[in-house]
Amino acid sequence: MSKKALPRHRAPEAMRAKLIGLAALVSTAWVFSGVVLSEGSLRVPRRPSDAQEEIASFDGVKLRGVFKTAPGASACVLVLHGIGDSSRGALGFAPMFLDAGYSVFAPDSRAHGASDGELVTFGIHEAKDILRWAAWLRERGCGRVYGLGESLGGAALIQAAAQEPAFAAIVAECPYSDLRSIAEYRVTQTAGAWLAVPVKAAVASAMLYTRARYGVDLNAASPVESARGLQTPLLLIHGLADHNTPPSHSQAIAAANPRIATWFVPGATHTAAAFKEPAEFRRRVLSWFGSH
Numbered sequence: 005m006s007k008k009a010l011p012r013h014r015a016p017e018a019m020r021a022k023l024i025g026l027a028a029l030v031s032t033a034w035v036f037s038g039v040v041l042s043e044g045s046l047r048v049p050r051r052p053s054d055a056q057e058e059i060a061s062f063d064g065v066k067l068r069g070v071f072k073t074a075p076g077a078s079a080c081v082l083v084l085h086g087i088g089d090s091s092r093g094a095l096g097f098a099p100m101f102l103d104a105g106y107s108v109f110a111p112d113s114r115a116h117g118a119s120d121g122e123l124v125t126f127g128i129h130e131a132k133d134i135l136r137w138a139a140w141l142r143e144r145g146c147g148r149v150y151g152l153g154e155s156l157g158g159a160a161l162i163q164a165a166a167q168e169p170a171f172a173a174i175v176a177e178c179p180y181s182d183l184r185s186i187a188e189y190r191v192t193q194t195a196g197a198w199l200a201v202p203v204k205a206a207v208a209s210a211m212l213y214t215r216a217r218y219g220v221d222l223n224a225a226s227p228v229e230s231a232r233g234l235q236t237p238l239l240l241i242h243g244l245a246d247h248n249t250p251p252s253h254s255q256a257i258a259a260a261n262p263r264i265a266t267w268f269v270p271g272a273t274h275t276a277a278a279f280k281e282p283a284e285f286r287r288r289v290l291s292w293f294g295s296h
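Just so we're aligned, residue 5 is where the sequence shown starts under this note's numbering, counting upward by one.
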C-alpha cells in the first residue's frame, strides 16, 4: 500500500521542480534578451565624417562637427542627423540654408562619425550635447540659432529645447514620441505581432539592464513629455508612409502642446519629405524659421 502511494507524493514535487526549472529558464531568457537588445541598440556602426570643429561635452566626451558659414550671416541652423548616420548626411540640407543666408553647423552625434563616445542614449545625453553646440554657435556670432533634426536628431532636439530656451525655433522630422513605444514597435515588426507580450518584456529588460550597467535611464527619453511644457516654436514634419516611425508618434507629440505646428506629407517615407515634396519642404522650413 505504501509503495503504491509513493508516486502520488512525489508527483507534486516533480511538477514543482519542473516549474522552478521553467521559471529559471524564462528568467534567464528575459535577462539575456534584454542584454542583447540593449547592447545592439546602444552601439551602431560609424559612418565617415569630415568633422573638424571640436568641443567637450558635459561628461568630457569629445564631439565634432562641420561648420559652413554664409557671408554676413547672423543666424545659424544646427542640423542633426538620425541614428547610424553622420554629419555628411545632415549636410544635404546645407545648400537650402546657405542660399537663404543661414550659416549651417552639422555635428556628429556622440558615438557617431568623428565624435567620441561609445553609447547612443536616444536623447538623454544627446540633448545636453546639442545645447553645448548651440552655445558654441552663439559664441561665434550666431545671434539666432535654429534647429532641424531628423529622426533621432529630431527627438533629441525636442528634448534639448525643453531643457533650455537655446533656439529661436526648431523643426523635427519623424521623431519618436518616446523610446519605449518605438522600441516595442520596431522589435515587434521584426519578431511578429504574435510575440507582442514577450517583446514588451524584452524591451523592459533592456531598459533595466541599461540603467544598471551604464547608469542611463532610457525611460526618460520621451519627446512627448518634453513637448508638454515646450516654449520654443516647434514644427513637426512626418511622412504618412513612414513605417519606421509611424506618424502617430508626431501626432502624439503635437497633441501634448497646442502651440506645436505640423505638416504630414502624403506618400513620404521615413525622413523623406524633402525628397517627396522638395519645394514645399523648403518653403515651409524657411518660412517657419523666418517667422521666428
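For each residue, glycine too, the CB sits at the ideal point set by N, CA and C.
Note that the structure is predicted; figures quoted are calculated from it, not measured.
**Report entry** Of the residues V65, A260, P179, A165, the one placed nearest A131, counting alpha carbons only
**Finding:** Taking the sequence shown and counting its residues from 1, the one referred to as residue 131 is at position 127. If we check each option's Cα against that of A131, A165 comes out closest.
message = Beta-carbon within less than 6 Å of G151's beta-carbon, same chain only, minus the 5 sequence neighbours each way: which residues are those?
response = Residue 151 sits at position 147 when you count from the first residue of the sequence shown. L82, L161, F171, I174, listed in sequence order.
*Ends of the beta strand (DSSP E) at A265?*
By 1-based counting over the sequence shown, the position of residue 265 is 261. Its beta strand (DSSP E) spans residues 265–269.
Contiguous beta strand (DSSP E) assignments of at least 3 residues, all confined to the segment 126–197: Fully enclosed beta strand (DSSP E) runs of 3 or longer: 148–154, 173–177.
(message) Assuming contact is defined by CB atoms lying nearer than 8 Å, are R50 and H116 in contact in what I supplied?
(response) Walking along the sequence shown from the start, residue 50 turns up at place 46. Walking along the sequence shown from the start, residue 116 turns up at place 112. Yes, the pair counts as a contact, with Cβ atoms nearer than the cut-off.
Next on the checklist: Less than 8 Å between the beta carbons of H274 and T236, yes or no?
Outcome noted: Taking the first residue of the sequence shown as position 1, residue 274 is located at position 270. Taking the first residue of the sequence shown as position 1, residue 236 is located at position 232. Not in contact: H274 and T236 (Cβ atoms no closer than 8 Å).
| request: Within 10 angstroms of the Cβ of F101, are there 16 or more other Cβ atoms? Answer buried if so, exposed if not. | output: Here residue 101 refers to the residue found at position 97 when the sequence shown is read from its first residue. With 16 or more Cβ atoms within 10 Å of its Cβ, F101 is classed as buried.
task: Mind reading off the beta-carbon distance from L290 to A265? Whole number of angstroms is fine, and I expect it under 8 Å.
output: For the purposes of this step, residue 290 is identified with residue 286 of the sequence shown, where counting begins at 1. For the purposes of this step, residue 265 is identified with residue 261 of the sequence shown, where counting begins at 1. Actually they are not in contact, since the Cβ atoms of L290 and A265 sit about 14 Å apart, beyond 8 Å.
- M257, enclosing alpha helix (DSSP H) - first and last residue: For this step, residue 257 is matched to residue 253 along the sequence shown. Contrary to the premise, residue 257 reads as Ile rather than Met in this sequence. First-last of the alpha helix (DSSP H) with I257: 252–259.
CB contact flag (R113, H85, <8 Å) = Counted from its first residue, the sequence shown places residue 113 at position 109. Counted from its first residue, the sequence shown places residue 85 at position 81. The residue asked about is misnamed: residue 113 is Ser in this sequence, not Arg. Going by C-beta atoms, S113 is nearer than 8 Å to H85.
Taking the straight line between their C-alpha atoms, what separation do you get for I134 and A110? Here residue 134 refers to the residue found at position 130 when the sequence shown is read from its first residue. Here residue 110 refers to the residue found at position 106 when the sequence shown is read from its first residue. The straight-line gap from Cα to Cα measures roughly 11 Å.
Within 10 Å of its beta-carbon, does R287 have 16 or more other beta-carbons around it, so buried, or fewer, so exposed?
Working through the sequence shown from its first residue, we reach residue 287 at position 283. So R287 counts as exposed.
In whole angstroms, give me the CA-to-CA distance for S42 and L67. Your numbering for residue 42 matches position 38 in the sequence shown. Your numbering for residue 67 matches position 63 in the sequence shown. Note on S42: pLDDT 48, under 50, position unreliable in the model; the coordinate value appears next. Each residue's alpha carbon lies about 23 Å from the other.
So is P282 buried or exposed if we call it buried at 16+ other beta carbons inside 10 Å? In the sequence shown, counting from the first residue as 1, residue 282 sits at position 278. Flag for P282 reads exposed.
Open item on the list: Taking the alpha carbon of P75 as the reference point, which residue from R184, V207, C146, K280 has its own alpha carbon closest?
Closed with: In the sequence shown, counting from the first residue as 1, residue 75 sits at position 71. Residue C146 is the option with its Cα nearest to P75.
* Asked: Would you call A182 buried or exposed, if buried means 16 or more other Cβ atoms sit within 10 Å of its Cβ?
  -> Looking up residue 182 in the sequence shown gives position 178. Before going on, a small fix: residue 182 reads as Asp here, not Ala. Under this definition D182 is a buried residue.
Where does P111 sit, in a helix, a strand or coil, going by DSSP? Within the sequence shown, residue 111 is the residue found at index 107, counting from 1. Reduced to three states, the DSSP call for P111 is strand.
Item checked: Simplified DSSP state of E58, which is helix, strand or coil -> In the sequence shown, residue 58 corresponds to position 54, counting from 1. Note: E58 maps to strand in three-state DSSP.
| query | At which residues does the alpha helix (DSSP H) containing R287 begin and terminate? | reply | Position 283 of the sequence shown holds residue 287. Where R287 is concerned, the enclosing alpha helix (DSSP H) stretches over 282–294.
Runs of alpha helix (DSSP H) wholly within the segment 213–245 (minimum 4 residues, chain order) = 227–232
**Prompt:** Does the distance from the CB of V124 to the CB of V48 come in under 8 Å?
**Reply:** Stepping through the sequence shown from its first residue, residue 124 is reached at position 120. Stepping through the sequence shown from its first residue, residue 48 is reached at position 44. Yes, Cβ-Cβ distance for V124 and V48 is below 8 Å.
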